[in-house]
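What follows is a short report on a single structure.
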Amino acid sequence: AQTVTQSQPEMSVQEAETVTLSCTYDTSESDYYLFWYKQPPSRQMILVIRQEAYKQQNATENRFSVNFQKAAKSFSLKISDSQLGDAAMYFCAYRLASGTYKYIFGTGTRLKVLA
Amino acid sequence: EAGVAQSPRYKIIEKRQSVAFWCNPISGHATLYWYQQILGQGPKLLIQFQNNGVVDDSQLPKDRFSAERLKGVDSTLKIQPAKLEDSAVYLCASSLPGQIQETQYFGPGTRLLVL
Numbered sequence: 001a002q003t004v005t006q007s008q009p010e011m012s013v014q015e016a017e018t019v020t021l022s023c024t025y026d027t028s029e030s031d032y033y034l035f036w037y038k039q040p041p042s043r044q045m046i047l048v049i050r051q052e053a054y055k056q057q058n059a060t061e062n063r064f065s066v067n068f069q070k071a072a073k074s075f076s077l078k079i080s081d082s083q084l085g086d087a088a089m090y091f092c093a094y095r096l097a098s099g100t101y102k103y104i105f106g107t108g109t110r111l112k113v114l115a
Numbered sequence: 116e117a118g119v120a121q122s123p124r125y126k127i128i129e130k131r132q133s134v135a136f137w138c139n140p141i142s143g144h145a146t147l148y149w150y151q152q153i154l155g156q157g158p159k160l161l162i163q164f165q166n167n168g169v170v171d172d173s174q175l176p177k178d179r180f181s182a183e184r185l186k187g188v189d190s191t192l193k194i195q196p197a198k199l200e201d202s203a204v205y206l207c208a209s210s211l212p213g214q215i216q217e218t219q220y221f222g223p224g225t226r227l228l229v230l
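Quick note, the sequences are listed as chains A and B, same order. Going by this note's numbering, the first sequence wraps up at 115, each residue one higher than the last. Going by this note's numbering, the second sequence wraps up at 230, each residue one higher than the last.
This is how it looks when you write it as structure tokens:
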């Protein structure tokens, strides 16, 4: 069975600095997607960034980038130039590329941004 | 485009009472998900619909939880009777499967407190 592990319950970063959130996963499949979702306090969960497992190039979205290490089954999120609005719970998620499109989420990392 | 709608936003009930949640997905989205998110944890899939058929309900406590998606659009999730451990946020999400860039869109959630 696939599992997703986020070992950092909470992280803090100074405004304008860079922070990296960790995620590891376990799967025997070779074709899948990985996601980072952001859930601000009392607000909706939104997609931050997506990575296709067949792509070697790491995904980037403005200040957000990932370090995808397929062999190590590691998928970390780097947030550059952190802003106060980045404060939220961040969830790592996994989904097979075909089949039922079932998502498996990690337990989340709470990111605090210090002014 | 309009997002995923959920109601009510908050609900407080006593144990052994019944409660129902409603979800209206994004127009045209064939896949609908119900998640349970207990405080401090990541979302856990309860049930997944493809149009009006159930794709995955392996983690749905069927002795007390039920869900339906009539006509492949709106969906309701019911708990009867509720237990204290059902206190959680119930998230609905929808997606348009089959696309390379398939993405889940989440609703605001219904926060349930069982006393």
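Think of the CB as a built atom: it goes at the ideal place given N, C-alpha and C, for glycine as much as any other residue.
Interface partners of residue i on chain B, CB under 9 Å
i	result
Gln57/A	Neighbours of Gln57/A on chain B: none; closest Cβ ~15 Å, over 9 Å.
is_contact[residue i, chain A] using C-beta, thresh 8 Å
i	result
Leu192/B	no
Thr146/B	yes
Pro223/B	yes
Gln163/B	yes
Rounded straight-line distance, which links the Cα of residue j to that of residue i
i	j	result
Ser12/A	Leu84/A	11 Å
Lys73/A	Ala208/B	26 Å
Lys55/A	Ile49/A	14 Å
Leu21/A	Leu175/B	30 Å
Val170/B	Leu114/A	43 Å
Ser173/B	Gln163/B	10 Å
Tyr25/A	Gln156/B	16 Å
Lys193/B	Leu227/B	12 Å
Thr146/B	Leu211/B	6 Å
Leu121/B	Glu61/A	The amino acid at residue 121/B is misidentified as Leu; the sequence shows Gln. About 29 Å.
Thr27/A	Pro123/B	37 Å
Glu15/A	Tyr33/A	30 Å
Ala93/A	Arg131/B	33 Å
Ser30/A	Arg95/A	11 Å
Gly224/B	Asn139/B	12 Å
Glu217/B	Tyr103/A	12 Å
Trp137/B	Ile79/A	35 Å
Spatial neighbours of residue i in its chain, beta-carbon cut-off 8 Å, leaving aside the 5 residues before and after
i	result
Ser118/B	A small fix is needed here, since residue 118/B is Gly in this sequence, not Ser. If we look at Gly118/B and ignore the five residues flanking it on each side, its Cβ neighbours are Ile141, Tyr220, Gly222.
Lys112/A	Glu10, Met11, Ser12, Val13, Ala87
Minimum Cβ-Cβ distance from residue i to chain B less than 8 Å
i	result
Lys102/A	yes
Thr18/A	no
Chain-ordered neighbours of residue i on chain B, where CB pairs are closer than 7 Å
i	result
Met11/A	Within chain B, no residue comes near Met11/A; the closest Cβ sits about 15 Å away, beyond 7 Å.
Thr107/A	Gln156, Gly157
Interface residues of chain A facing residue i [CB-CB closer than 8 Å]
i	result
Ser210/B	Tyr101
Thr218/B	Leu47, Arg50
Nonlocal neighbours in the same chain, by C-beta distance under 6 Å from residue i, ignoring five residues either side
i	result
Phe68/A	Gln51, Asn58, Phe75
Pro158/B	Tyr150, Gln152, Leu206
Met89/A	Gln39, Gly108, Arg110
Beta-carbon neighbours of residue i, restricted to chain A and to distances below 7 Å
i	result
Val115/B	Residue 115/B falls outside the range modelled here, since chain B spans only 116 to 230, and no answer is possible.
Leu160/B	Lys102, Tyr103
7 Å CB neighbourhood of residue i in its chain, flanking five on each side removed
i	result
Ser181/B	Lys193
Arg184/B	Leu147, Phe164, Asn167, Ser190
Ser202/B	Leu227, Leu228, Val229
Lys70/A	Ala53
Min CB distance residue i to chain D below 8 Å
i	result
Gly222/B	Looking for chain D here will not work: the only protein chains present are A and B.
Just by C-beta distance, which residues in the segment 78-100 of chain A are closer than 7 Å to chain B? When C-beta distances to chain B are compared with 7 Å, the residues of the segment 78-100 of chain A below that value are Phe91, Thr100, in chain order.
Listed in chain order, which residues of the segment 34-47 of chain A have Cβ atoms closer than 9 Å to some Cβ of chain B? The segment 34-47 of chain A vs chain B, Cβ under 9 Å: Phe35, Tyr37, Gln39, Ser42, Arg43, Gln44, Met45, Ile46, Leu47.
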